[in-house]
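Student: Residue numbering for the sequence shown follows our numbering, beginning at 6 and increasing consecutively. Even for Gly, the Cβ is constructed at its ideal location relative to N, Cα and C. All of these numbers come straight from a predicted model, not from anything done at the bench.
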Amino acid sequence: MKRPTRPSKLDSHPDVIAVRSRATVTAPEVLDADWLRRLCEDAGADAVGFVEIERPELADERLEIEKAFRHPRALISFVCTMNRENTRSPARSAANLEFHLTNHDTNEVARKVVTELESRGVRAFNGSVGFPMEMDRFPSERIWVVAHKPIAVEAGLGRIGIHRNVIHPKFGNFILLGTVVVDVPISAYDRPLDYNPCMECKLCVAACPTGAINPDGRFDFSACYTHNYREFLGGFGDWVEQVVESGSAKEYRAKVSEPESASMWQSLSFGSNYKAAYCVSVCPAGQDVLGPYLDSRKTHLAEVVRPLQDKPETIYVVAESDAESYVARRFPHKRIKRVGNGLRARSVDGFVNGLPLIFQREASRGLDATYHFTFTGAEQRELTAAIRDGELTISDGHQGDAELRVRADTATWFGFLAGERSLVAALLLRRIRLSGPPRLLVAFGRCFPS
Ligand code: B12
Ligand code: SF4
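(1) Quick one: using the 10 Å Cβ neighbour count with 16 as the cut-off for buried, is SER268 buried or exposed?
(2) Consider the C-beta atom of PRO337 and the heavy atoms of ligand 1; say whether any pair is separated by less than 7 Å.
(3) Find the nearest neighbour of SER286 within the set ASN88, LEU409 and GLU236, judged by alpha-carbon distance.
(4) What beta strand (DSSP E) runs, 3 residues minimum, are completely inside the region 364-392?
(5) Can the beta-carbon of LEU446 be found less than 8 Å from the beta-carbon of LEU439?
(6) When every heavy atom of ligand 1 is checked, does at least one fall within less than 7 Å of the C-beta of LYS316?
(7) Here's the rule: buried if 16 or more other CB atoms are within 10 angstroms of the residue's CB, otherwise exposed. What is VAL134?
(8) Report all residues from its chain with a CB closer than 6 Å to the CB of PRO190; omit the five preceding and five following residues, and keep chain order.
(9) Out of ASN170, TYR376, ASN278 and VAL21, which one is the CA nearest neighbour of VAL411?
(10) Please tell me whether, using a cut-off of 7 Å, the distance from the CB of LEU182 to the nearest non-hydrogen atom of ligand 1 is below it.
(11) Considering only heavy atoms of ligand 2, does any lie closer than 7 Å to the CB of MET204?
(12) Indicate, with yes or no, if ligand 3 has a heavy atom lying under 7 Å from the CB of PHE275.
(13) Please classify ARG349 as buried or exposed, where buried requires at least 16 neighbouring CB atoms within 10 angstroms.
(14) Taking its Cβ as the centre, do 16 or more other Cβ atoms sit within 10 Å of SER369, making it buried, or is it exposed?
(15) Quick one: what's got a C-beta closer than 7 Å to PHE449's C-beta in the same chain, skipping five residues either side?
(16) Quick check: what's the CA-CA separation for ASP16 versus VAL30?
(17) For ASP401, tell me which candidate among ASN219, VAL357 and GLY441 has the shortest Cα-Cα distance.
(18) Do GLU318 and LYS303 count as a contact pair if the criterion is CB distance below 8 Å?
(19) Return yes when the Cβ of TYR321 is within less than 8 Å of the Cβ of THR231, no when it is not.
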């Protein structure tokens, strides 16, 4: 005999009764592209594009997105424009104000779109435009949840210029990017632009104070990050260490000038300030931007590029990096200050991911060597690093013949790289063993200053 079901405590809860008695909101099976575009524009987006999550070019990005939002079906990419004169001004407080406020607006647009979609039963997610990011991964893994640039490119919102920022065909590079991920497909998707708005004028190369941008599009991450991000992440960590290592106020003042302390306070109080972003400032590309440059390149150079090049300012560099020699050669009127950037590996993965970011092409000139690494202890792995013709390649396992073989206990190796353990002691204790000329280890170290 079937026993009568007793009403559970849940059934009599007022909110449960209310939910059960109201009509359920059913998410649409497909989001109409025209309606969705209007929704984004009404929320404040200046341009919008859509991409299906299965796009092969975004396969790696999809894996990252799925870690944060479980059911991605489609991506909404959008841009918010920045005012140009502020972004170009040598008064970097004005430029930073523009970056910060546009950043805020872009997050706001994403949030408004997500809120509206959620009210219609669509699950939607927005990763942040910039900060906050996932700091528990720093510095070994990528800290951003969604990489907006490749998505914007696939959504037809622009192409990557020599300076590695996305250039929109109308607004140029005076844009910040946002992405909303939805769990419902969209009725029509966009394709990448069939041309690159970059003019290849190389003004970004000429204006960057650290030499981070190469004419062929190679980007010296370490050069840009050490200077531009002096008051962010590892730059901030380095400043903290300067405070800790100062035995007195006098000693601290010898290391950190009064403007630098005030600037750090400003960043902590009002949001971190970028030191440069000159690549964005000088870029003439984009139909709304290009006119004055076409009218007179001379005036563009005199009024936009030169004031930034001529500005007397401190440029933060890692000792003996390519940036240090570049500033001395190219901008002798700018002050060079050697600092640490906090990019230290603490795991083998961090080591593998980090080496290409801090590799110094010029410092590697003349080196032609293959290194076999055997990590033992906490992590066990074999790696090959080859440096040849100014290029670094890293591969798993031991490939080919090596000029130097390094066998290292993982903890000792990363302690040595962070300057916390002595190499001599590690060699004596055989925690690090070398087979081949030790000068090749010194030469290796010169290619990766941090
Ligand atoms: C990490 C990061 C940085 C790092 C590294 C930058 C970099 N180039 O990767 C640092 C700290 C140096 C940095 C600096 C800046 N950043 Co930033 N940064 C990011 C972040 C968090 C992730 C970028 C990313 O995806 N990197 C992954 C690596 C692999 O990207 P990548 O090397 O550029 O990869 C591209 C190239 O390989 C390119 N590519 C492939 N083949 C080829 C071939 C050639 C010839 C070329 C040229 C390129 C190319 O395609 C890849 C995909 O985009 C995003 C925010 C976000 N969550 O997306 C903002 C973001 C990229 N940053 C932005 C900005 C504005 C800046 C700064 C101007 C900051 C400032 N105000 O000073 C500078 C500009 C530096 C520069 N010229 O790149 C904007 C760019 C907007 C735009 N129009 O594109 C973003 C998108 C923030 C936003 N939401 O708007 N940033
Ligand atoms: S400054 Fe010139 S070369 Fe650099 S990204 Fe802009 S258009 Fe391209």
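Tutor: In brief:
(1) buried
(2) no
(3) ASN88
(4) 374-381
(5) yes
(6) no
(7) buried
(8) VAL35, ARG78 and ALA79
(9) TYR376
(10) yes
(11) yes
(12) No copy of ligand 3 occurs in the structure displayed; its ligands are ligand 1 and ligand 2 alone.
(13) buried
(14) buried
(15) TYR376
(16) 21 Å
(17) VAL357
(18) no
(19) yes
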